[in-house]
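Below: one structure, written as structure tokens.
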DNA sequence: TACAATTAAGTTGTACGCAATTTAATTTAA
DNA sequence: TTAAATTAAATTGCGTACAACTTAATTGTA
């Protein structure tokens with residue numbers, strides 16, 4: 001029937017990765033929507049909370065996103081009052097983004113999101129750690145190829 | 146410094162999933178581009194190769210995609226001569242998609258793609274199997290929540 | 001110092017992915 | 001048996017992602 005078993009969906013690692021990422025991202029929607037946030041907005045805010053202020057380039061490195069994605073996201077976050085942007089005085093090419101007070105306040109409001117997402121991921125803590133480790137092994141492996 | 150450690154990117158499973166899926170999908174681009182295919186086209190073709198002919202709905206179930214995504218993808222594949230579409234005679238609401246001869250020929254041309262992708266995923270066979278199993282455990286777990 | 005090369009953001013164009021809606025066909029139940 | 005409910009695809013609109021390009025600032029170098 002099938003001469004190319006390697007070309008079956010069920011034999012490829014990429015498909016469950018793709019399907020899993022899509023589905024888990026979708027689970028964030030109802031949790032973030034009350035704050036007018038998307039998943040992309042949320043991960044941007046997470047980096048800003050952790051680093052305080054950083055350039056679009058550094059934000060992009062942290063998230064594997066480029067300015068084509070980040071510029072409109074940051075503008076939207078700014079329009080919603082969560083983020084402020086300013087030109088770096090050291091280097092006028094760079095734009096620095098940081099949370100506003102309202103942006104910092106979000107942290108508390110969203111503090112239960114990870115747990116709520118966690119509750120629909122039916123893995124034991126060890127399995128979750130294992131999955132996490134394997135994913136980073138794949139990501140790190142990409143860097144030298 | 147950070148009162149909400151659970152809100153750090155590095156403590157969330159979703160981010161490596163999202164980043165890994167994006168990066169691995171990007172690796173397909175140069176392999177598929179010579180045939181005018183995207184990753185989405187490729188996974189659609191994989192299901193069609195396996196099943197021969199099926200409705201848009203069934204294709205959507207196999208790939209977790211809806212008609213909003215699939216209709217334009219199938220039209221593009223049809224325009225490129227890889228797929229034919231026809232109304233079901235049993236149920237005039239349904240559209241059946243199947244590979245054309247040119248679509249079947251693609252199978253051989255793309256037969257080395259899985260291996261080439263595999264070569265940039267730096268996991269041992271056991272690790273790959275483990276990752277695969279964990280991803281499907283997460284996906285299956287979503288279905289009852 | 002001046003000019004070429006590089007770098008940073010932003011812009012443009014294309015392709016998803018999905019929610020919501022529309023249209024048409026089929027099923028159900030009154 | 002007809003009217004209501006359901007179902008299938010297609011359409012519309014929005015938000016990513018990302019390649020390719022533009023513009024402006026900075027750096028390297030002749």
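Protein chains in written order, with my numbering: chain A, 1 to 145; chain B, 146 to 290.
Ideal Cβ placement from N, Cα and C applies to all residues, glycine included.
Extent of the continuous beta strand (DSSP E) run through residue i
i, result
"residue 89 of chain A", "No beta strand (DSSP E) contains residue 89 of chain A, which DSSP labels as neither H nor E."
"residue 244 of chain B", "240-244"
7 Å Cβ cut-off: residues of chain A touching residue i
i, result
"residue 158 of chain B", "121, 128, 131, 132"
"residue 163 of chain B", "21, 25"
"residue 212 of chain B", "Result: empty, since nearest Cβ-Cβ is about 16 Å, beyond 7 Å."
"residue 290 of chain B", "120"
"residue 239 of chain B", "Here the premise fails: no neighbours, minimum Cβ distance about 22 Å."
Distance between residue j and residue i (C-alpha atoms, nearest Å)
i, j, result
"residue 142 of chain A", "residue 63 of chain A", "15 Å"
"residue 253 of chain B", "residue 4 of chain A", "8 Å"
"residue 42 of chain A", "residue 32 of chain A", "8 Å"
"residue 17 of chain A", "residue 84 of chain A", "34 Å"
"residue 96 of chain A", "residue 203 of chain B", "47 Å"
"residue 12 of chain A", "residue 52 of chain A", "40 Å"
"residue 259 of chain B", "residue 276 of chain B", "16 Å"
Continuous alpha helix (DSSP H) stretch holding residue i: start and end
i, result
"residue 116 of chain A", "113-120"
"residue 67 of chain A", "67-79"
"residue 5 of chain A", "Per DSSP, residue 5 of chain A belongs to no alpha helix (DSSP H) and is neither H nor E."
"residue 162 of chain B", "159-177"
Cβ neighbours of residue i in the same chain (closer than 6 Å, five flanking residues each side left out)
i, result
"residue 94 of chain A", "55, 88"
"residue 184 of chain B", "170, 173"
"residue 15 of chain A", "9"
"residue 220 of chain B", "none"
Three-way DSSP call (helix, strand, coil) for residue i in this model
i, result
"residue 54 of chain A", "strand"
"residue 269 of chain B", "coil"
"residue 37 of chain A", "coil"
"residue 132 of chain A", "helix"
"residue 208 of chain B", "helix"
"residue 110 of chain A", "coil"
"residue 156 of chain B", "helix"
"residue 227 of chain B", "coil"
Under 8 Å by beta carbon: chain B residues contacting residue i
i, result
"residue 81 of chain A", "Near residue 81 of chain A there are no residues of chain B at all, since even the closest Cβ is about 19 Å away, more than 8 Å."
"residue 98 of chain A", "Chain B residues near residue 98 of chain A: none, gap ~15 Å exceeds 8 Å."
"residue 136 of chain A", "161"
Neighbourhood of residue i by C-beta distance below 7 Å, restricted to the same chain and skipping five residues each side
i, result
"residue 102 of chain A", "81, 82"
"residue 60 of chain A", "66, 67, 70"
"residue 73 of chain A", "40, 41, 44"
Near the ligand SAH: residue i beta-carbon under 8 Å from a heavy atom
i, result
"residue 134 of chain A", "Annotation note on the ligand SAH: not contained in the displayed structure, which lists no ligands."
Beta-carbon neighbours of residue i, restricted to chain B and to distances below 7 Å
i, result
"residue 4 of chain A", "252, 256"
Closer than 8 Å at the beta carbon, the chain A residues around residue i
i, result
"residue 223 of chain B", "What residue 223 of chain B touches in chain A: nothing, since even the nearest Cβ is about 20 Å away."
Contact set for residue i: own chain, Cβ-Cβ below 8 Å, skip 5 residues either direction
i, result
"residue 36 of chain A", "80"
"residue 261 of chain B", "176"
Interface residues of chain B facing residue i [CB-CB closer than 9 Å]
i, result
"residue 33 of chain A", "What residue 33 of chain A touches in chain B: nothing, since even the nearest Cβ is about 16 Å away."
"residue 141 of chain A", "265, 266, 267, 268"
"residue 49 of chain A", "147, 149, 152, 153"
Interface residues of chain A facing residue i [CB-CB closer than 9 Å]
i, result
"residue 261 of chain B", "Here the premise fails: no neighbours, minimum Cβ distance about 11 Å."
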